[in-house]
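Number of protein chains: 2
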Amino acid sequence: MERLTIIDIAKLCGVGVTTVSRAINNHPDINEETKAMVMKVIKENHYVPNNSARNLKRSDSKTIAVLIKGISNPFFSPMIKVFEKEIQRKKYSFILQRVDENQDEIEVAIELEKEKRLKGIVFLGGLFSHSQEKLQQLTVPFVLSTIGMTEEIDLSDYSSVSVDDFNESLKIVDYLCDLGHQKIAVITASEDDVSIGKLRYEGYKKALSDHGIAYNERLVRRMKEDIDSYSMENGYAVTKELLESGEEFTAIFTLSDSMAIGACKAIFEAGKRVPEDYSVAGYDGLDISFYYNPSITTIKQPVVEIAEATIKILFDLINKKVNHAHQIFPAELIVRESTRSIL
Amino acid sequence: MERLTIIDIAKLCGVGVTTVSRAINNHPDINEETKAMVMKVIKENHYVPNNSARNLKRSDSKTIAVLIKGISNPFFSPMIKVFEKEIQRKKYSFILQRVDENQDEIEVAIELEKEKRLKGIVFLGGLFSHSQEKLQQLTVPFVLSTIGMTEEIDLSDYSSVSVDDFNESLKIVDYLCDLGHQKIAVITASEDDVSIGKLRYEGYKKALSDHGIAYNERLVRRMKEDIDSYSMENGYAVTKELLESGEEFTAIFTLSDSMAIGACKAIFEAGKRVPEDYSVAGYDGLDISFYYNPSITTIKQPVVEIAEATIKILFDLINKKVNHAHQIFPAELIVRESTRSIL
DNA sequence: CTTTCTTATTTAACGTGTAAAGGAAAGGTA
DNA sequence: TACCTTTCCTTTACACGTTAAATAAGAAAG
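And the structure:
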C-alpha cells in the first residue's frame, strides 16, 4: 500500500493539482461543487498531505516547541496538557523537548529552530541567566513561562507569564512567622539561580526580616545537585541531613510541594510528626498537596491559566498582534494541615 | 539573518554541494581533511540542514510517535523520559501525542503516520480492543507498551512489552487475603476494558476464589467515566461513595497507586485511619507510593526497564532484526504501611 | 468586441540527497 | 613513455510533494 500524492488525487478527480491544493487549503478561487467532489475523493482514499513537503514549500512548519528544564517536575504536567491541546486546536504540531539541567536551553532552542523551522517556542522552567546576544539568535517568537523575572532581565525584549514569586513566597513565610515560628528552615535552589529559586528565597529572607527574625545561615539548605531539582527525593535527602545535623527548627519551607512531601517523609522516618513537631510549607499547589497526609500548606499557582495565557501570548506574537507581553498571575496561599501555630 | 542552505556552505567552502552532503552524511567518498574543513565551516556558520527537505527527499522522517491514552497518569512520566532520551540518542525525532479517552488511538496513529511519515509508533496505555484490519493500515512498526495482552488479541502480529497484570494483581490480592481480609473492595476499570483493567480485575477475582471468598458485586466499584481514569481524584470520588454506601469492607484494592492515594484521602476525611480501619493496596509502584503517609503497599512495575525494552524492540523492528517480539517483565509486591493483618 | 469575473491549469520554486558522468592527480605497471 | 587504476572531487540534473504566481479558458456583462 504505497502513499498517495496530490497528483494521484488530481488524476482521480480529473482536475489539476492546484485545484486539489485549493480544496485542501480553503482557497477562495474554487467552485464549491468541485471542492466537495475533491474532498470526497480525498476522504475515500484516505489521502493525507505530506507534511515535509508542505513545510518545505512554506519554509516554515506550523510547529511549536516546548522546552522544559526538569521534565520530571510534576508541576509541568498539567501545563503540557494544556499546551498540547491548544496547539492541536490551532492545527499546529507540538514538539516537547527536555533539556538537561546542565544543558543550555537557548542553544538547544537555536538548533531546533533552524532544524525544524519552528513557528514559536515556549521555555518552561530553568534559570534563564542568559545574555541578550544569545537570545537574539532566535528569530521566532518565544514566551518564558513560570520563569521568575528578576531585575537582571530586561523585560522589554521578552514575553513572559508567571506569578510574583517573591511576594508569594514572602506571603507563605510571613504566615509561618505569624504562627509563631522563629526558626524556619528553607530548602532552596543553588546559589547561581537568578530566577524562580532566587525570588522565592529572597521572599523568605524578606519575611524573616519583616518579623525581626535573625537570619540563620545554617537553616538555609540547598537542593542536591546530583538529584532531580525540586523533587521529592531531593527534599527527602536534604531534610534528612538537616535533621541529622541537630540544628533546631520548628518549621520548614520548601520551594516546591514535591520537596515538602520529601521533607515530611524524612520527618516521619525520624520518628517525628507533622505538624506537631515540625510545620511544613510547600509551593506550587500540586494536586498531591491536597491528597497528601497531612495535606500540605502551599502557594497554589494557577497552572492552567498560566499555560493558557502562555499559549495565547505566543500566538499573539506569531500573528504580530503584539510585540511583547508580560502577565503576572495571582497565586493563593492555601492553609492546610501541615502547618500549625506554636504560640 | 536568513537561513543558510547547503549551497551557501558549498560556496563558502569552495567545494560542490555533493561534497558538503557527503561530509554531513558520512559518505565514504570524501577526504578526511576536506570533511573536517567542511564540518568546521558548518559549525562556524551554525548551519543546520533543513529537516523538511531531508525528510521529503528521504520520504521518511526519522520520527517516532508515542501515543498515550491518559497522559495525566504519572505512571507514564518516567517512561516518556526514557523514550525521549533513547530516541534522541538514535538521532530520531520524537512526537508525543495525547489521545483522548474517547478517541480511537489507531485512527490517530494512521493519520499521523501518513502526515509525518513516521518510522515507528509506541502505544502507551489504552484499551486496545481493535480489529486486526484497522491495525493493518499501519505500515510502520509499532510496539504496545504496558497494554495488558488478553487472549482476545492475536500476539503473532504485534510486539508488546508489559508485566503479567493478571498474576501480579492476583499476587497482591492474595496477600490481602493472607492478612485475613475477607471483604476486599476493588476500584476497577469500565466493563468494556479488555486490557490492563480487565486483567487486574480478573486477578482480583481469582485471588478471592482461590481463598474461597464469595464474590460480592457491591464491593466492585468502577472508575467514574467523567474523571481522569486511574487518577487520585477518581479514587477519591469512588471511595467516598463506597464509604457512604455503608457497605462493609476491611481492605480496598485499587488498580493504580494514584487511586490508592485518593482512597486514603477519602478514608481520612471520613474520620478513619489507614491501615487501622482499612487496608489499602495500590498498583504501579510510583515514587509517591513510598513517600505517601502511610506508605502504600503496591505492585512495583519496572517502568524504566519496560520503557527501555519498548524502544529497543521498536528499533529492532525498524531495522528488521525481528518480526515481532513480546517481553513480559516481572513486577514486585512491595509491602508497606498501608496494609495490615486483621487476624 | 473588449472587459471582467470565475475557475482551472501550468510551471517554477522550496532545500536536500543522489545518481550519472566525468576529470584531475597520484601511483603502479609494462 | 604510455596506459591503467584508484581516490577524491566537480558539475549537472532530477526527484521528493506541495504551494503559489502567472497564465489561460470560458462565461457573463457591458
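Chains as they are written, first to last, in the numbering used here: chain A, 2 to 344; chain B, 2 to 344.
Just so you know, even glycine gets a beta-carbon here, dropped at the ideal spot from N, CA and C.
Legend entry - Cβ shell of Glu248(B) (< 7 Å), same chain only, five flanking positions each side left out: As a position in the second sequence, residue 248(B) is number 247, starting the count at 1. So the qualifying residues of the chain are Arg219, Leu220.
Inset, instruction - Please check if any C-beta of chain B sits within less than 9 Å of the C-beta of Ile111(A). - result: To locate residue 111(A), count along the first sequence from 1; it is residue 110. Ile111(A) counts as touching chain B.
Legend entry - DSSP-derived helix/strand/coil call for Glu333(A): Residue mapping note: residue 333(A) aligns to position 332 of the first sequence, counting from 1. Assignment of Glu333(A) by DSSP, reduced to helix, strand and coil, places it in the strand class.
Legend entry - Distance CB(Ile314(B))-CB(Val162(B)) smaller than 9 Å: Taking the first residue of the second sequence as 1, we reach residue 314(B) at position 313. Taking the first residue of the second sequence as 1, we reach residue 162(B) at position 161. Their beta carbons are under 9 Å apart, which means Ile314(B) touches Val162(B) by this criterion.
Legend entry - Environment of Val281(A) [buried if 16+ CB atoms lie within 10 Å]: Numbered from its first residue, the first sequence carries residue 281(A) at position 280. Counting Cβ neighbours within 10 Å, Val281(A) comes out buried, since at least 16 surround it.
Legend entry - Coil, strand or helix - Ala66(A) by DSSP: Within the first sequence, the letter at position 65 stands for residue 66(A). If DSSP states are grouped into helix, strand and coil, Ala66(A) belongs with the strands.
Inset, instruction - Give the straight-line distance between the Cα atoms of Gly272(A) and Tyr159(B), rounded to the nearest whole angstrom. - result: Along the first sequence, read from residue 1 onward, the residue named residue 272(A) stands at position 271. Along the second sequence, read from residue 1 onward, the residue named residue 159(B) stands at position 158. Gly272(A) and Tyr159(B) have their C-alpha atoms roughly 51 Å apart.
Legend entry - Interface positions of the region 56–74 of chain A facing chain B (Cβ-Cβ less than 7 Å), listed along the chain: Taking 7 Å as the Cβ-Cβ cut-off against chain B, the residues of the region 56–74 of chain A that qualify are Asn56, Leu57, Ser62, Ile72, Ser73.
Inset, instruction - Determine contact between the region 71–89 of chain B and the region 20–37 of chain B, defined as no fewer than three beta-carbon pairs at a distance below 8 Å. - result: Taking one beta carbon from each stretch, the region 71–89 of chain B and the region 20–37 of chain B have fewer than 3 pairs nearer than 8 Å; the two do not touch.
Inset, instruction - Give the DSSP-derived three-state secondary structure of Ile214(B) in the structure shown. - result: For the purposes of this step, residue 214(B) is taken as residue 213 along the second sequence, with counting starting at 1. Coil at Ile214(B), not helix or strand.
Legend entry - Which listed residue (Pro29(A), Phe124(A), Lys225(A), Ser296(A)) has its alpha carbon closest to that of Glu242(A): As a first step, residue 242(A) must be located in the first sequence, where it is residue number 241. Ranking the options by Cα distance to Glu242(A), first place goes to Lys225(A).
Inset, instruction - Please decide whether Ala263(A) counts as near chain B, where near means a Cβ-Cβ distance under 9 Å. - result: Here residue 263(A) refers to the residue found at position 262 of the first sequence. In the sequence as displayed, the identity of residue 263(A) is Gly instead of Ala. Taking CB atoms only, Gly263(A) has a neighbour in chain B less than 9 Å away.
Legend entry - For Ile31(A), the first and last residue of its enclosing beta strand (DSSP E): Here residue 31(A) refers to the residue found at position 30 when the first sequence is read from its first residue. DSSP places Ile31(A) in no beta strand (DSSP E); its state is neither H nor E.
Legend entry - Identity of the residues DSSP links to Lys120(A) by a beta bridge: Locating residue 120(A) in the first sequence gives position 119, where the first residue counts as 1. Lys120(A) pairs with nothing; no bridge assigned.
Inset, instruction - Report, in whole angstroms, the separation of the C-beta atoms of Val123(B) and Ser146(B), which I expect to be a contact under 8 Å. - result: Along the second sequence, read from residue 1 onward, the residue named residue 123(B) stands at position 122. Along the second sequence, read from residue 1 onward, the residue named residue 146(B) stands at position 145. About 6 Å; that satisfies the 8 Å criterion.
Legend entry - Rounded C-alpha distance that separates Lys117(A) from Phe316(A): In the first sequence, residue 117(A) corresponds to position 116, counting from 1. In the first sequence, residue 316(A) corresponds to position 315, counting from 1. If I take the Cα positions, the gap works out to 18 Å.
Legend entry - Contact under 9 Å by Cβ, Phe84(B) with Thr298(B): The residue labelled residue 84(B) in the question sits at position 83 within the second sequence. The residue labelled residue 298(B) in the question sits at position 297 within the second sequence. The Cβ atoms of Phe84(B) and Thr298(B) do not sit closer than 9 Å to each other.
Legend entry - C-beta atoms of Ile197(B) and Arg223(B) nearer than 9 Å: Taking the second sequence and counting its residues from 1, the one referred to as residue 197(B) is at position 196. Taking the second sequence and counting its residues from 1, the one referred to as residue 223(B) is at position 222. For Ile197(B) and Arg223(B), no; Cβs fall outside 9 Å.
Inset, instruction - May I ask you to list the residues that DSSP assigns as paired with Thr255(A)? - result: Sequence index remark: in the first sequence, residue 255(A) carries index 254 (1-based). Answer is Ile188(A).
Legend entry - C-alpha distance - Ile107(B) paired with Asn52(A), whole-angstrom precision: For this step, residue 107(B) is matched to residue 106 along the second sequence. For this step, residue 52(A) is matched to residue 51 along the first sequence. Taking the Cα positions, Ile107(B) is about 19 Å away from Asn52(A).
Inset, instruction - Give the residues of chain A in contact with Phe269(B), contact being defined as C-beta atoms less than 7 Å apart. - result: Reading the second sequence from its first residue, position 268 is the one you call residue 269(B). Counting only Cβ-Cβ distances below 7 Å, Phe269(B) has contacts in chain A at Asn294, in chain order.
Inset, instruction - Check the Cβ-Cβ distances between Tyr237(A) and every residue of chain B, and say whether any is below 9 Å. - result: Position 236 of the first sequence, counting from 1, holds the residue named residue 237(A). Output row for Tyr237(A): interface = yes.
Legend entry - Exposure of Gly331(B), with buried meaning 16 or more beta-carbon neighbours within 10 Å: For the purposes of this step, residue 331(B) is taken as the residue at position 330 of the second sequence. Strictly speaking, residue 331(B) in this sequence is Pro, with Gly absent from that position. Pro331(B) is exposed by the Cβ-count criterion.
Inset, instruction - Quick one: which residues of the region 230–254 of chain B get their C-beta closer than 8 Å to a C-beta of chain A? List them in chain order. - result: Under the 8 Å Cβ criterion, the region 230–254 of chain B contributes Met233, Glu234, Tyr237.
Inset, instruction - Over the uninterrupted beta strand (DSSP E) stretch that includes Ile300(A), give me the two end residues. - result: As a position in the first sequence, residue 300(A) is number 299, starting the count at 1. 299–301 is the extent of the beta strand (DSSP E) around Ile300(A).
Legend entry - Ile88(B) - containing alpha helix (DSSP H), residue span: Here the question's residue 88(B) lines up with position 87 in the second sequence. Judged by DSSP secondary structure, Ile88(B) falls within the alpha helix (DSSP H) whose first and last residues are 78–90.
Inset, instruction - Only counting runs of 4 or more residues, tell me where the alpha helix (DSSP H) segments fall wholly within the region 232–279 of chain B, in order along the chain. - result: With a minimum length of 4 residues, the continuous alpha helix (DSSP H) runs that stay inside the region 232–279 of chain B are 233–246, 258–270.
Inset, instruction - Would you grab the beta carbon distance between Ile253(B) and Met233(B) for me? Rounded to a whole angstrom, and I think it's under 8 Å. - result: The count along the second sequence starts at 1 and reaches residue 253(B) at position 252. The count along the second sequence starts at 1 and reaches residue 233(B) at position 232. Distance from Ile253(B) to Met233(B) at the Cβ level is roughly 14 Å; contact not present, criterion being Cβ atoms closer than 8 Å.
Inset, instruction - Compute the distance between the beta-carbons of Ser182(B) and Thr255(B), then report whether it is under 9 Å. - result: Indexing the second sequence from 1 puts residue 182(B) at position 181. Indexing the second sequence from 1 puts residue 255(B) at position 254. Per the sequence presented here, residue 182(B) reads as His, with Ser not at that position. One thing to note: His182(B) has its Cβ no nearer than 9 Å to the Cβ of Thr255(B).
Inset, instruction - With DSSP collapsed to three states, give me the class of Leu97(B). - result: Position 96 of the second sequence holds residue 97(B). Judged by DSSP in its simplified three-state form, Leu97(B) adopts strand.
Inset, instruction - Quick one: list the residues of chain A neighbouring Glu116(B), beta-carbon separation under 8 Å, in chain order. - result: Mapped onto the second sequence, residue 116(B) falls at position 115. By Cβ distance, chain A contributes Val49, Pro50, Asn51, Asn52.
Legend entry - Positions along the region 271–293 of chain B whose CB lies within less than 8 Å of some CB in chain A: The residues in question are Asp288, Ile289, Phe291, Tyr292, Tyr293.
Inset, instruction - Would you decide whether Asp258(B) is buried or exposed? Buried here means 16 or more other CB atoms lie within 10 Å of its CB. - result: Locating residue 258(B) in the second sequence gives position 257, where the first residue counts as 1. So Asp258(B) counts as buried.
Inset, instruction - List the whole-angstrom C-beta distance separating Ile148(A) from Gly127(A), where the pair is believed to meet the contact cut-off of C-beta under 8 Å. - result: Residue 148(A) sits at position 147 when you count from the first residue of the first sequence. Residue 127(A) sits at position 126 when you count from the first residue of the first sequence. Yes, they are in contact, since the Cβ atoms of Ile148(A) and Gly127(A) sit about 6 Å apart, within 8 Å.
Inset, instruction - Might you give, ordered along the chain, the residues of its own chain that have their beta carbon closer than 6 Å to the beta carbon of Val21(A), omitting 5 neighbours on each side? - result: Residue mapping note: residue 21(A) aligns to position 20 of the first sequence, counting from 1. Excluding residues within five positions, the ones whose Cβ falls inside 6 Å are Ile7, Ile10, Ala11, Val39.
Legend entry - Selected residue, minimal CA-CA separation from Ile43(A), among Lys58(A), Glu270(A), Glu114(A), Ile25(A): Looking up residue 43(A) in the first sequence gives position 42. Answer by Cα proximity: Ile25(A).
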